[in-house]
Amino acid sequence: MRAEDREKFAKRTLSHARADQTEVAIYAENAALTRFTHQDVHQNVASQDVVVSVRAIVDGRTGVASANRTDDASIADLVARATELARLAPRDPALPELPAGGPTTAPAGAYASATAEAGADLRAQICDTYFRIAERDGLWCAGYAKTIASGVTVANTNGALASYDGTFAGTNVKMNAADSTGFAEACAADVGSIDATAVGETAARKARETRAPRSVEPGAWTVILEAPAFAELLSYISDHFSAQAYDEGSSFCTGGLGTALLGDNVTIREDYAHPLVLGMPFDFEGAPTERLALVENGIVRSVVTDSYWAHKLDMPNTGHALPAPNAYGPQPRAIVVSPGSRTTEELIASTERGLLVSRLWYVRTVDQRKAIVTGMTRDGTYLIENGRLAGGVRNMRFNHSIVEALKRCEFGLDLHRSSNEHYSVVTPAIKIEGFTFSSGTEF
Amino acid sequence: MSFDDLASRALDTASARGGAYADIRFDVARTERIEVRNGVVASLADGTSTGYGIRALVDGAWGFAAGSEMTDGAVDAVAARAVALARAAAAIARTPLGAPPPRAYVDAFATPMDRDPADVPLGERVALLLEAERLLHVGDGIAVGRAWLDLWRTDKFFYSTIGSKIAQQIRQTGSGLAAMAVGDGDAQTRSFPGDNGLYMSGGWEIVERAALRENAARIGEEALALLRAPQCPSGTTDIVLGGSQVSLQIHESCGHPAELDRVMGWEANFSGTSFLEIAQLDVLKYGSDKVTIEIDNTMPNGMATCAYDDEGTRSGRSDVVRDGVLVGYESSNDTARAIGRESNACVRAQSWEFVPMIRMCNLNLLPGDVPFENLFDDVKDGVYMESNRSWSIDDRRLNFQFGCEIGWEIKNGKRGRMLKNPTYAGMTPKFWNACDAIGDAASWVAWGTPNCGKGEPMQVGRTTQASSPARFRGVEVGVGYAR
């Protein structure tokens with residue numbers, strides 16, 4: 001269901017509204033994925049669905065009901081159910097009006113017909129490219145290729161009406177040797193711009209280069225996280241830039257707006273319109289999303305809001321609501337880190353002894369307020385000696401504060417997109433001094 | 444049209460298109476979520492989702508397609524798509540992986556319940572959470588109080604071309620609360636019961652068993668006390684883990700590595716592989732003699748309890764670790780056949796739109812014979828930890844690190860002062876071989892995890908790891924904060 005049809009459907013839904021205020025959000029998705037292991041496809045799947053969610057507000061009381069039926073009778077029932085829930089809910093005296101919306105423009109190229117119309121054969125071609133590279137190098141591979149066409153429409157009785165159609169093509173592959181592995185991934189709105197050969201060759205190269213890994217001692221290391229690894233790390237402070245976390249005290253920057261809390265080379269933006277972001281120009285309340293500096297030259301400049309938290313804290317609504325009902329508060333969804341001036345190769349060349357990390361795994365928060373996280377390296381960890389890569393090392397566990405890392409770091413030059421269909425992080429590589437590894441594993 | 448009629452049509456279409464085998468699973472799922480946050484109902488939501496997923500087998504390769512439109516034409520199109528996807532997979536496959544299930548069943552199942560949550564007025568449900576959440580606020584330092592309730596009703600109807608026709612009504616219920624205290628640049632959270640709340644299959648009696656109101660004030664007080672508590676020291680010591688933490692330890696370090704699809708590399712690019720390689724079966728000393736871990740998808744109150752899995756295989760009991768030795772895996776038809784065994788019915792799909800895959804189901808550490816209070820008896824110097832707040836393990840499930848919300852010193856067999864930020868770490872087989880005491884049946888709880896992630900597209904699974912508190916010797920603690 002494309003935007004025009006969703007908007008008609010949204011208006012039809014709102015025609016049933018009997019509450020003080022009513023919002024409808026429509027999510028349509030057509031997704032397909034081919035997954036493989038050992039050069040065989042073990043999952044070839046496709047699904048299609050339309051979900052309708054209605055939020056009704058009656059005298060400061062809110063109810064939300066959702067269903068995946070679109071006939072008239074079902075929609076009337078759904079609106080009535082949300083309204084009935086609202087009438088039964090306790091009153092929230094701080095509840096603001098639903099946003100009135102505003103004009104929004106989707107970034108160019110968000111929707112690609114080639115992705116929306118891609119079939120199983122195209123995904124099989126991508127997989128087969130990996131199979132051939134793996135067999136050439138005596139490796140086995142596992143990964144996927146997927147294509148998604150999705151659309152969101154949000155409308156309410158206060159006049160908001162916003163629609164977005166997007167496509168997402170993603171692939172990744174892990175190449176496996178006897179005692180080493182390599183991984184690479186790519187994503188784009190247009191499946192035609194994915195270079196499966198480059199992805200497969202990168203993963204195979206990492207698997208080859210890190211064969212016969214050695215163990216190195218835990219402790220404080222100079223570490224270079226390649227962009228995908230840094231993106232994974234950074235996503236664990238994304239929620240610190242929520243107005244809810246900031247106000248309630250679970251953010252590292254609580255009370256620190258306008259204060260230098262990170263290194264002066266650190267600038268982090270929330271920017272749905274960045275050329276490398278695959279992003280929606282409005283939030284799940286239909287409010288236009290602002291492009292913001294979260295951190296500028298190390299100084300915390302802003303946190304993101306939705307209608308509830310903007311009203312509560314008397315701040316502007318930046319348009320970062322999640323779908324209702326939302327107990328998690330507003331959240332960033334398009335984080336972009338400004339690059340440095342040296343390439344990853346130059347960062348390696350400037351390192352006397354350190355580790356180059358391709359990918360992180362199972363990162364989890366150890367200490368929320370200090371932003372200490374733990375996790376493992378994975379699928380391509382290298383020793384750096386005298387400015388050169390010196391072979392693979394066995395994987396290591398780290399425990400380190402992201403905030404402390406961002407006080408003493410240098411960024412690489414090239415930006416990389418790590419995205420799924422809902423969330424983007426665009427980062428360069430990062431070099432961190434004194435990054436703490438606490439233990440190693442057996443592979 | 445009825446599900447019977449639509450199923451018959453879908454299976455006929457799949458067969459006519461060349462499917463050597465096909466099955467269709469209709470799901471009618473209803474979810475209700477209520478969450479109170481700082482005195483306000485932040486979530487009062489009711490969702491329904493209805494649809495069907497069709498699996499088809501062509502030349503040993505599977506295709507899966509799903510749709511929600513309940514018409515003849517739509518069902519035909521989805522069935523044809525499943526066959527086309529299977530054919531496309533077969534075209535590039537090096538070896539055939541799939542085969543039809545060995546047996547068909549005609550049967551029905553319904554989760555036993557004492558009281559259907561639908562019979563509890565909404566006002567009563569909301570009032571319970573409002574009161575429990577209010578009781579968390581025992582001081583100004585409580586910045587966030589939360590109390591929540593989840594009611595899940597799923598009706599499944601499974602049909603296959605070999606004659607299966609299975610109807611199941613599954614009911615799962617969960618509730619919990621949490622308090623976050625903030626002060627002096629620190630934030631400390633306490634949750635109850637366990638860390639997720641109490642999630643089980645069953646009805647309103649599960650909510651009553653959680654006893655939220657009765658425990659809320661204590662949880663709030665513990666959150667505040669943690670702000671002032673000393674830091675858990677770093678070093679090697681004996682530890683006793685509370686039951687819900689043992690449950691997560693089983694989940695991460697046995698449940699996931701014993702998934703046979705992981706062992707066979709089917710999850711290699713995402714969730715990872717496993718150190719429990721097939722060559723280790725009946726050989727590996729996974730844990731001490733006291734450690735027996737079994738699958739029981741028939742147990743009362745298990746989140747994964749049902750009569751048949753989503754491939755139509757009958758549920759039962761089977762061993763994964765017996766007296767410390769690795770003896771089995773969680774399996775599907777295709778993976779079990781590859782090692783010369785039969786499936787133990789561990790296949791689930793999150794909902795109609797997802798392909799069924801191996802999921803951790805009810806995988807339990809059997810109780811020992813030590814009363815909970817006696818687990819401390821032989822500990823001269825150690826730490827007792829409760830309620831997980833951080834969990835991480837490598838992609839073969841060896842090197843792990845967990846953090847808990849709260850700890851207490853153990854000195855000369857007695858629980859002493861409270862400690863904040865307790866963490867512990869280790870390597871899986873070494874850790875389980877250091878288990879020298881497990882709490883008795885009186886302390887054994889069917890802890891449910893409602894949000895286990897796996898697969899691509901990512902699927903959320905609901906699983907139970909029943910466990911008692913347990914004792915482990917010579918464990919590294921305080922890792923997350925050591926410098």
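Note that the protein sequences, when read in sequence, are chains Y and P.
Its first residue numbered 1, the first sequence is counted upward by one per residue in this note's numbering.
Its first residue numbered 444, the second sequence is counted upward by one per residue in this note's numbering.
Using N, Cα and C, we set each Cβ at its ideal position, and we do this for glycine too.
Taking 8 Å as the threshold (beta carbon to beta carbon), is residue i in contact with chain Y?
i: V888(P); result: no
i: M623(P); result: yes
i: G628(P); result: yes
i: T866(P); result: yes
i: W595(P); result: no
i: F819(P); result: no
i: T491(P); result: yes
Measuring CA to CA, which of the options is closest to residue i?
i: I649(P); options: P810(P), D627(P), D559(P); result: D559(P)
i: D550(P); options: V483(P), C749(P), T892(P); result: C749(P)
i: N44(Y); options: P810(P), F845(P), E796(P), V826(P); result: E796(P)
i: W595(P); options: D812(P), L818(P), R473(P); result: R473(P)
i: G391(Y); options: F9(Y), D165(Y), F398(Y), R211(Y); result: R211(Y)
i: Q125(Y); options: G541(P), K733(P), A534(P); result: A534(P)
i: E135(Y); options: L356(Y), E226(Y), M175(Y); result: M175(Y)
i: F437(Y); options: M396(Y), R12(Y), V79(Y); result: M396(Y)
i: A207(Y); options: R359(Y), A405(Y), V41(Y), I26(Y); result: R359(Y)
i: Y130(Y); options: R81(Y), T171(Y), T70(Y), G200(Y); result: G200(Y)
i: M444(P); options: E829(P), G516(P), L669(P); result: G516(P)
i: M742(P); options: A610(P), Q902(P), R537(P), T554(P); result: T554(P)
i: E385(Y); options: S350(Y), R417(Y), W361(Y), V366(Y); result: S350(Y)
If the criterion is Cβ atoms closer than 8 Å, does the pair residue i and residue j meet it?
i: N30(Y); j: V51(Y); result: no
i: S677(P); j: V918(P); result: no
i: R802(P); j: K599(P); result: no
i: I372(Y); j: E270(Y); result: no
i: S307(Y); j: A321(Y); result: yes
i: P103(Y); j: V393(Y); result: no
i: T254(Y); j: K431(Y); result: no
i: A100(Y); j: G159(Y); result: yes
i: S835(P); j: G375(Y); result: yes
i: N265(Y); j: F411(Y); result: yes
i: D59(Y); j: D20(Y); result: yes
i: V191(Y); j: T153(Y); result: no
i: V587(P); j: R705(P); result: no
i: R928(P); j: I477(P); result: Residue 928(P) cannot be examined here, being either before or after the span of chain P that is shown, 444 to 926.
i: G462(P); j: A520(P); result: no
Measuring only between beta-carbons, confirm whether residue i sits less than 8 Å from chain P.
i: N265(Y); result: no
i: K206(Y); result: no
i: A46(Y); result: yes
i: N158(Y); result: no
i: A120(Y); result: yes
i: Q331(Y); result: no
i: T62(Y); result: yes
i: T374(Y); result: yes
i: Y236(Y); result: no
i: D414(Y); result: no
i: G249(Y); result: yes
Per DSSP, what are the beta-bridge partners of residue i in this structure?
i: V798(P); result: In DSSP, V798(P) forms no bridge with anything.
i: E385(Y); result: R353(Y), R388(Y)
i: L808(P); result: I736(P)
i: Q615(P); result: W595(P), S644(P)
i: C878(P); result: F915(P)
i: K431(Y); result: I224(Y), E410(Y)
The ligand GDP and residue i: does the residue's C-beta get closer than 7 Å to at least one heavy atom of that ligand?
i: W361(Y); result: For the structure depicted, the ligand GDP is absent and the ligand set is empty, with no information on it obtainable.
Is it true that the segment 661-681 of chain P meets the segment 610-623 of chain P, where meeting means three or more beta-carbon pairs spaced less than 8 Å apart?
yes
Say whether the segment 83-99 of chain Y touches the segment 496-513 of chain P, bearing in mind that this needs 3 or more beta-carbon pairs closer than 8 Å, one atom from each stretch.
no
Are three or more beta carbon pairs between the segment 888-895 of chain P and the segment 707-716 of chain P nearer than 8 Å?
no
Please determine if the segment 829-849 of chain P and the segment 693-702 of chain P are in contact, where contact requires at least 3 C-beta pairs separated by less than 8 Å.
yes
Are at least three pairs of beta-carbons, each pair with one atom in the segment 904-919 of chain P and one in the segment 761-769 of chain P, less than 8 Å apart?
no
Quick check: the segment 479-495 of chain P against the segment 779-791 of chain P, are at least 3 beta-carbon pairs closer than 8 Å?
no
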